[in-house]
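Novice: Numbering (mature numbering (1 follows the signal peptide of the UniProt record, and there is no 0)), first residue to last: -27 to -1, 1 to 509. Built from N, CA and C at the ideal position, the CB exists for glycine as well.
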């Protein structure tokens, strides 16, 4: 079950990607030009006084001999570079059919900057966002990640692309034969780190403070932020973390010699099978792999989705380098960046992951749990009996969401506060008016689904997920305040707001996020105790 629950895949996630992105109304007059250490960039000036600089390359194209190697900083340029449009997404497949998504490129390592003041009286806190998508899809240009509203709250917002799927996380003994430090398979995590180094070196040109950086992300982006906490090479590049629906208890595979209870494949074993799939079986296998097109690599990745027993994709690797040991061990031993953490999960995390699952009867529910959790089905069915939910499928959705997101969130919060780390936790229970269900004609009842908080965190006023009621816009204003105050000084609270209590092991208090903010404690304690006792 542990390995299955790591697969953060759903065809519904495709709704979050490759959407037309529209910013605020443009201002009249010349576009702003900023001189970075790599060269000048010409961005967009908006009528509201903010500015955006989009598609700035932070790395050389990871193509040819640079494929499956650590990223290298972008080559400098001398004339102003057009930064008025997003860079292309990294290669990825449509999870519904495994076919390559059009309009992508390996030359995808770009980032975006939103700022409300290029020359502020005081440098602004910086919030660096890592997008989600199961380490398999998505990009920083996606509709949900418009940084304009956050920037208006007084921070500089940066988002980046990183390599995905096999191109970002393939591990194979041949790839690092001459350079062990590059054999990890964690190329996507290395991309994220290089983007953070770019922020350290260049964000001051956009009015940002490189000594006050908050790393935040959702789903795979939250997992990434947590893993960067564990990575020695990333230490000092950020000073706070916000993890929305994702922790570093999920998403990693051992490089070799797995030895885990379920005897899962190691990443290199997977990589050897993958090389066979693309016809690279002898001779210089690394050179052979580098001759394959992105389309050939995507076709061999097995990206088509099976919701009950999904094929394992590519993701972060415990390599002894970028991730020096198993996350559980590093956390238990206190081997991580000691930075304040704000984290949380949503009540109905599992609903979008079971949209296509046929679980209509108690028997089908029991069978699905047996497939996902062989050997542990009996205690799980006792903890999540079908009769306690609206339907057997609802029971399976809640079990899946708790195991993948809610209970690991509690586990991480507990671990860190026991070691004296400052933590604030939330539980998002609001059901958005504009949701996946509304896109499908209101036929789907998804509740407070996975990623439902994003339109509120980013204050979306345009597009399919725009907040369309006064109560939603008011909630968004409150969340932007909490998030940016935390990014400014580590404390989300302010006079006149509902207090967000610190998380403690004794009380385990959290902020319940709905149109009426509230407090709770001991979230989902009995069921999470069961999942923890089973090691899930």
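1. Taking the alpha-carbon of residue 463 as reference, which of 403, 315, 63 and 387 has the nearest alpha-carbon?
2. Give, in chain order, every unbroken run of the beta strand (DSSP E) that is at least 3 residues long and sits entirely within the segment 191 to 271.
3. Could you name the residues of the same chain whose beta carbon sits closer than 6 Å to that of residue 295, not counting the 5 residues immediately before and after it, in chain order?
4. Leaving out five residues before and five after residue 305 in sequence, what residues of the same chain have Cβ atoms less than 8 Å from its Cβ?
5. Do the segment 188 to 201 and the segment 216 to 223 touch if we need at least three Cβ pairs shorter than 8 Å?
6. Can you have a look at residue 249 and say buried or exposed, based on whether 16 or more other CB atoms are within 10 angstroms of its CB?
7. Shorter than 6 Å, the distance from the beta carbon of residue 347 to the closest heavy atom of the ligand NAD, or not?
8. Check whether the segment 55 to 71 touches the segment 90 to 99, taking contact to mean three or more Cβ pairs, one atom from each stretch, closer than 8 Å.
9. Is residue 128 near residue 457, with beta carbons less than 7 Å apart?
10. With 16 other CB atoms within 10 Å as the buried threshold, where does residue 488 fall?
11. Rounded to a whole number of angstroms, what is the C-alpha to C-alpha distance between residue 100 and residue 168?
12. Fully enclosed by the segment 126 to 163, which beta strand (DSSP E) runs are 3 residues long or longer?
13. Residue 236 to residue 242, Cα distance in whole Å?
14. Compute the Euclidean distance between the alpha carbons of residue 270 and residue 77, then round it to the nearest angstrom.
15. What first and last residue would you give for the beta strand (DSSP E) that runs through residue 304?
16. Compute the beta-carbon to beta-carbon distance between residue 26 and residue 7, rounded to the nearest angstrom, for a pair I have assumed lies under 8 Å.
17. For residue 334 and residue 362, I'd like the C-alpha separation in whole angstroms.
18. Cβ atoms of residue 364 and residue 327: under 7 Å apart, would you say?
19. When the Cα of residue 267 is compared with those of 35, 373 and 98, which residue comes out closest?
20. Could you name the residues of the same chain whose beta carbon sits closer than 6 Å to that of residue 551, not counting the 5 residues immediately before and after it, in chain order?
21. Who are the near neighbours of residue 499 in its chain, counting only those whose CB is closer than 7 Å to its CB and skipping five residues on each side?
22. In chain order, which continuous runs of the beta strand (DSSP E) of length 3 or greater are located wholly inside the segment 312 to 348?
23. Could you say which of -3, 28 and 51 lies nearest to residue 13 if we only look at CA atoms?
24. What's the C-alpha gap between residue 264 and residue 480?
25. If I measure Cβ to Cβ from residue 519 and keep anything under 7 Å in the same chain, skipping five residues before and after, which residues do I get?
26. For residue 352, name the three-state secondary structure that DSSP assigns.
27. Mind pulling the alpha helix (DSSP H) runs of 4 or more residues that sit fully within the segment 420 to 502?
28. Give the DSSP-derived three-state secondary structure of residue 515 in the structure shown.
29. In this structure, does DSSP put residue 507 in helix, strand or coil?
30. Considering just the uninterrupted stretch of the beta strand (DSSP E) at residue 391, what are its terminal residues?
31. Do you know how far the Cα of residue 48 is from the Cα of residue 54?
32. Hey, residue 109 and residue 28: beta-carbon distance below 7 Å or not?
33. Can you tell me the Cα-Cα spacing of residue 357 and residue 368, whole angstroms?
34. Please name the residue, chosen from 317, 375 and 393, that lies closest to residue 311 on a Cα-to-Cα basis.
35. Tell me whether the beta-carbon of residue 401 lies closer than 7 Å to the beta-carbon of residue 319.
36. Helix, strand or coil, according to DSSP, for residue 295 in the structure here?
Specialist: This is what the structure gives:
1. 315
2. 213 to 217
3. 157, 159, 162 and 204
4. 388
5. yes
6. exposed
7. Of the ligands one can find in the structure shown there are none, so the ligand NAD has no counterpart to examine.
8. no
9. yes
10. exposed
11. 12 Å
12. 129 to 133
13. In this prediction, residue 236 scores a pLDDT of 37, lower than 50, which makes its location untrustworthy; the coordinate-derived value is nonetheless stated afterwards. Near 12 Å, if we compare the C-alpha coordinates of residue 242 and residue 236.
14. 14 Å
15. Residue 304 -> not in any beta strand (DSSP E); alpha helix (DSSP H) instead, spanning 300 to 305.
16. 6 Å
17. 12 Å
18. no
19. 35
20. Nothing in the structure corresponds to residue 551, since the chain is present only between -27 and 509.
21. none
22. 314 to 319
23. 51
24. 56 Å
25. As shown, the chain starts at -27 and ends at 509. That puts residue 519 outside it, with no answer to give.
26. helix
27. 427 to 430 and 443 to 462
28. The structure shown does not extend to residue 515, since the chain is modelled only from -27 through 509, so no value can be given for it.
29. coil
30. Premise fails: residue 391 lies in the alpha helix (DSSP H), 380 to 391, not in any beta strand (DSSP E).
31. 12 Å
32. no
33. 6 Å
34. 393
35. yes
36. coil
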